[in-house]
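Q: As given, the protein sequences belong to chains A and B, one line each in that order.
Residues in the first sequence are numbered consecutively from 1, following UniProt numbering.
Residues in the second sequence are numbered consecutively from 1, following UniProt numbering.
2 protein chains.
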Amino acid sequence: MTDGARARRREQTRRTLLRESRRLFASRGYGAVGLAEIVDAAAVTKGALYHHFDSKTDLFRAILEQVQQEVAQKVAATAQAHDDPWEQLTAGCRAFLAASSDPDVQQIMLIDAPAVLGWAEWRAMDESASAHHLAEALSTLIAQGTIAPQPVEPLTHLLSGAMNEAALWLATATDPNALAATWAALSQMLEALRHR
Amino acid sequence: MTDGARARRREQTRRTLLRESRRLFASRGYGAVGLAEIVDAAAVTKGALYHHFDSKTDLFRAILEQVQQEVAQKVAATAQAHDDPWEQLTAGCRAFLAASSDPDVQQIMLIDAPAVLGWAEWRAMDESASAHHLAEALSTLIAQGTIAPQPVEPLTHLLSGAMNEAALWLATATDPNALAATWAALSQMLEALRHR
DNA sequence: CTCCTTCGCGTACCGTTGGTATGTGAAGGT
DNA sequence: ACCTTCACATACCAACGGTACGCGAAGGAG
C-alpha cells in the first residue's frame, strides 16, 4: 500500500523538495528565495512543487512543522531524562536554548515564520509543538507547590519570548561565555518563581 | 530655507506616503501590500514614491524608525517621571508593554521588521531606539548595588524578548485581566534581580 | 521680466515572481 | 490488452518591485 515505485518516487521528490527549500530558506530567508531556485536545486520543475504543496507559503509551513518537531523532540528527550519536575523545566529550557542556537532554526522558526504565516498561526503551531510542554511543566510545578499559584499563560509567554530573543542574540554574540551568562540570568529568573 | 512652496509640497507628499503605507502595512502586513495600493491611497504615483524612498524596504525602514521613536518616547517620558532608578525600570517596562499593545506597533515593529530587514538590522535599530535605555537602566541599578553584578546584555535580551512576546500575546488574549497577570509575572521576575 | 536650472513627480515600460492550465508518459489495476 | 490514475513537465499569465525618461512648476541669476 505505502509501497510501489510511484509511492517511493513521490516520497523522495517531496523529501528532496523539503530538504533543498529548507536549506535555501534557512540560509537566505523566505523572501529572498524564489521558487525557480528551489525547483532547480531539487532538480524538478514547478509542476512537481505545486503537485506536493498548495503554495510557497504552504511549503514553508511544512518546513516549519518539521523544524518545530525537531526542536520539540530534543527538548522533550532532555526533559524526560530527569525525574524531578523542576529539573525537567530547567533542563528543558537549557535544551531549548541549545536547539535554538542553530542558525537554520532561527531564520525559519523565529524570524520568518511569524511574518510569513502571521503571528496567530505561528503561535498556534508553536503552542502545539513546544509551548504546550512548557505550560504543562509550569502547571505541574504549581500543582505540587514548587511555584506560587498564578496564571500559567503569561508566564509561558514571558519565558518563551525571553528564550527566543536570547537564542537569536547568542547567534551573533562574540563573547564565548555569552551562553553561560545567558543561562545564569535565565536561571536566576526561574529561581524567582520558586515558592519562598 | 526649509520653507518654500516646493519644500512644503515635498514634505506633505512624504508624510502622506508614510501615513498611508504605515496604515496599510499595519493592517495587512508588509508582504500583502503592494506599492500600487500604497500610491493609490496616497493619491500619487510610483514615481513620487521612488523619489522619496529607494525601495519598498527603505519605505518600511522609515516607517519602523517612526514607530520605534514613538514607543521609545512614551517609555522615556514615563521613566523620567520617576527619580528612583528601580522605579524608572519598572515604570519603563510597564510603559513598554502598554505601548506595544497597539496592533500597528506589533505588526510593524515585532512581526514584520525582523523578517523584512533581517534580524541584525532590526536588532541594531531596536538597540538605538529603546534597548539601549533598558541596558542603561540595568547598568545603573547594578552600579548602585540594587541588582547583583552580572553582564547586562543577556539580561537586556531576556527582558526585551519576554516583553515583546508578552505584548503580542496580550493583543489576542480575551481575559480582561491578562495585562495585570502578565505584569505580575514580569514584576516577579524583575524582583528576582534585586540583591538578596 | 527673461532665461536657465533644479526639483518634484507622472508616464511608460521591463524583468522577475508566484501561480495556473494543460499536456504526457509511466505505473497499476482489471 | 486496455483504461485509468498519478507524478510530473511545459507553457503561459497576471501582478509585482523597480527603472528610464519626460514634463511642468518653482526658484535663483542677469
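Backbone N, C-alpha and C define an ideal beta-carbon position, used for all residues, glycine too.
Compute the beta-carbon to beta-carbon distance between PRO154 of chain B and ALA185 of chain A, rounded to the nearest angstrom, for a pair I have assumed lies under 8 angstroms.
A: For the purposes of this step, residue 154 of chain B is identified with residue 154 of the second sequence, where counting begins at 1. For the purposes of this step, residue 185 of chain A is identified with residue 185 of the first sequence, where counting begins at 1. Going by Cβ atoms, the distance from PRO154 of chain B to ALA185 of chain A rounds to 5 angstroms, so yes, they are a contact pair.
Q: Using only CA atoms, which one of A:ARG28, A:LEU49, A:ALA26 lies nearest to ALA36 of chain A?
A: Along the first sequence, one-based indexing puts residue 36 of chain A at 36. Cα-wise, what sits closest to ALA36 of chain A is A:LEU49.
Q: Just list the residues that DSSP pairs ARG194 of chain B with in beta bridges.
A: The residue labelled residue 194 of chain B in the question sits at position 194 within the second sequence. In DSSP, ARG194 of chain B forms a bridge with B:ILE147.
Q: Closest to SER21 of chain B by C-alpha separation, out of B:ASP3, B:ARG9, B:GLY4, B:SER55, would be which residue?
A: For the purposes of this step, residue 21 of chain B is identified with residue 21 of the second sequence, where counting begins at 1. Minimum Cα distance to SER21 of chain B is reached at B:SER55.
Q: Express the C-alpha separation of THR16 of chain A and ALA91 of chain A in angstroms, rounding to a whole number.
A: On the first sequence, position 91 is the one that residue 91 of chain A refers to. On the first sequence, position 16 is the one that residue 16 of chain A refers to. One C-alpha to the other measures close to 34 angstroms.
Q: Once you ignore the five residues that flank LEU141 of chain B on each side, which residues in its own chain have a CB closer than 6 angstroms to its CB?
A: By one-based count along the second sequence, residue 141 of chain B stands at place 141. Within the same chain, LEU141 of chain B has close Cβ partners PRO85, ILE147.
Q: Below 8 angstroms on the Cβ atoms is my contact criterion, and I expect SER160 of chain B with ALA131 of chain B to pass it. Report the Cβ-Cβ distance as a whole number of Å.
A: Taking the second sequence and counting its residues from 1, one reaches residue 160 of chain B at position 160. Taking the second sequence and counting its residues from 1, one reaches residue 131 of chain B at position 131. Right, the Cβ-Cβ distance comes to about 6 angstroms (below 8 angstroms), so this counts as a contact.
Q: Alpha carbon to alpha carbon, what distance is there between GLN150 of chain B and GLN144 of chain B?
A: In the second sequence, residue 144 of chain B corresponds to position 144, counting from 1. In the second sequence, residue 150 of chain B corresponds to position 150, counting from 1. Those two C-alpha atoms are separated by around 13 angstroms.
Q: How is GLY92 of chain A classed by DSSP in three states: helix, strand or coil?
A: For the purposes of this step, residue 92 of chain A is taken as the residue at position 92 of the first sequence. Of the three classes helix, strand and coil, the one that applies to GLY92 of chain A here is helix, per DSSP.
Q: If the criterion is Cβ atoms closer than 8 angstroms, does the pair ALA137 of chain B and LEU89 of chain B meet it?
A: Translated into the one-based positions of the second sequence, residue 137 of chain B becomes position 137. Translated into the one-based positions of the second sequence, residue 89 of chain B becomes position 89. Result yes, Cβ atoms of ALA137 of chain B and LEU89 of chain B sit closer than 8 angstroms.
Q: For my contact list, GLN68 of chain A and ASP126 of chain A are in at a C-beta cut-off of 8 angstroms; report their separation, rounded to the angstrom.
A: As a working mapping, residue 68 of chain A is identified with position 68 in the first sequence. As a working mapping, residue 126 of chain A is identified with position 126 in the first sequence. GLN68 of chain A to ASP126 of chain A, Cβ: 7 angstroms. Contact.
Q: Classify PRO103 of chain A: buried if its beta carbon has 16 or more other beta carbons within 10 angstroms, exposed otherwise.
A: Here the question's residue 103 of chain A lines up with position 103 in the first sequence. When all chains shown are included, PRO103 of chain A counts as exposed.
Q: Locate the alpha helix (DSSP H) running through LEU117 of chain A, then write down its first and last residues.
A: One-based indexing of the first sequence puts residue 117 of chain A at position 117. Looking at the DSSP string, the run of the alpha helix (DSSP H) that includes LEU117 of chain A is 113-117.
Q: Mind checking the region 68-96 of chain A against chain B and listing, in chain order, the residues whose C-beta falls within less than 9 angstroms of any C-beta there?
A: Taking 9 angstroms as the Cβ-Cβ cut-off against chain B, none of the residues of the region 68-96 of chain A qualify.
Q: Is ALA42 of chain B near PHE53 of chain B, with beta carbons less than 8 angstroms apart?
A: Working through the second sequence from its first residue, we reach residue 42 of chain B at position 42. Working through the second sequence from its first residue, we reach residue 53 of chain B at position 53. No, the pair does not count as a contact, with Cβ atoms beyond the cut-off.
Q: Within its chain, find whatever has a CB closer than 7 angstroms to the CB of HIS82 of chain A; leave out the 5 residues flanking it on each side and keep chain order.
A: Here residue 82 of chain A refers to the residue found at position 82 of the first sequence. Result list for HIS82 of chain A: GLN88, ALA91, in chain order.
Q: By Cβ distance, which residues of its chain are closer than 7 angstroms to ALA99 of chain B, with the 5 residues on each side in sequence left out?
A: Along the second sequence, read from residue 1 onward, the residue named residue 99 of chain B stands at position 99. Excluding residues within five positions, the ones whose Cβ falls inside 7 angstroms are VAL71, LYS74, VAL75, VAL105.
Q: Less than 8 angstroms between the C-beta atoms of ALA115 of chain B and ALA115 of chain A, yes or no?
A: The sequence position of residue 115 of chain B within the second sequence is 115, counting from 1. The sequence position of residue 115 of chain A within the first sequence is 115, counting from 1. Cβ distance < 8 angstroms, so ALA115 of chain B and ALA115 of chain A count as in contact.
Q: Any residues in the region 101-116 of chain B with a beta carbon nearer than 9 angstroms to a beta carbon of chain A? Which ones, in chain order?
A: Hits within the stretch, in order: GLN106, GLN107, LEU110, ILE111, ASP112, ALA113, PRO114, ALA115, VAL116.
Q: Looking at the unbroken alpha helix (DSSP H) that takes in VAL33 of chain A, where does it start and where does it end?
A: Working through the first sequence from its first residue, we reach residue 33 of chain A at position 33. No alpha helix (DSSP H) holds VAL33 of chain A; DSSP gives it neither H nor E.
Q: Smallest Cα separation from ALA124 of chain B: which of A:SER27, A:ARG19, A:LEU168?
A: Mapped onto the second sequence, residue 124 of chain B falls at position 124. It is A:LEU168.
Q: Kindly say whether ALA125 of chain A, judged by its beta-carbon, lies nearer than 8 angstroms to any beta-carbon of chain B.
A: Within the first sequence, the letter at position 125 stands for residue 125 of chain A. Note on residue identity: the sequence assigns Met, not Ala, to residue 125 of chain A. Not closer than 8 angstroms to any Cβ of chain B, the Cβ of MET125 of chain A fails to qualify, so no.
Q: Using a Cβ-Cβ cut-off of 8 angstroms, state whether GLU121 of chain B counts as contacting chain A.
A: The residue labelled residue 121 of chain B in the question sits at position 121 within the second sequence. False, the Cβ-Cβ gap to chain A never drops below 8 angstroms.
Q: Is any beta-carbon of chain B found at less than 8 angstroms from that of THR146 of chain A?
A: Walking along the first sequence from the start, residue 146 of chain A turns up at place 146. Chain B, which has no Cβ nearer than 8 angstroms to the Cβ of THR146 of chain A, makes this no.
Q: Measuring CA to CA, which of B:GLU11, B:LEU117, B:ARG6 is closest to ASP58 of chain B?
A: Indexing the second sequence from 1 puts residue 58 of chain B at position 58. When only C-alpha atoms are compared, the closest one is B:LEU117.
Q: Do you know how far the Cα of ALA192 of chain B is from the Cα of ALA192 of chain A?
A: Position 192 of the first sequence, counting from 1, holds the residue named residue 192 of chain A. Position 192 of the second sequence, counting from 1, holds the residue named residue 192 of chain B. Approximately 5 angstroms, taken between the alpha carbons.
Q: To the nearest angstrom, how far is the alpha carbon of LEU18 of chain B from that of VAL39 of chain B?
A: Taking the first residue of the second sequence as 1, we reach residue 18 of chain B at position 18. Taking the first residue of the second sequence as 1, we reach residue 39 of chain B at position 39. Approximately 10 angstroms, taken between the alpha carbons.
Q: State the CB to CB distance for the pair HIS157 of chain B and ALA95 of chain A, rounded to an integer number of angstroms; the pair is presumed to be in contact (CB under 8 angstroms).
A: Position 157 of the second sequence, counted from the first residue, corresponds to residue 157 of chain B. Position 95 of the first sequence, counted from the first residue, corresponds to residue 95 of chain A. Rounded, the Cβ-Cβ distance is 19 angstroms, inconsistent with contact.
Q: Give me, in chain order, the residues of the same chain whose beta-carbon lies closer than 6 angstroms to that of ALA113 of chain A; leave out the 5 immediate sequence neighbours on both sides.
A: Position 113 of the first sequence, counted from the start, is the residue given in the question as residue 113 of chain A. Result list for ALA113 of chain A: LEU64, TRP122, in chain order.
Q: Just to make sure I have the definition right: I need the residues of chain A whose C-beta is within less than 7 angstroms of the C-beta of HIS157 of chain B. Which are they?
A: As a first step, residue 157 of chain B is located in the second sequence; it is residue number 157 there, counting from the start. Going along chain A in sequence order, the residues near HIS157 of chain B (Cβ under 7 angstroms) are GLU165, ALA166, TRP169.
Q: Measure from the C-beta of SER21 of chain B to each C-beta in chain A and report whether the shortest distance is under 8 angstroms.
A: What you label residue 21 of chain B is simply residue 21 of the second sequence in a count that begins at 1. Taking Cβ atoms only, chain A never reaches closer than 8 angstroms to SER21 of chain B, which makes this a no.
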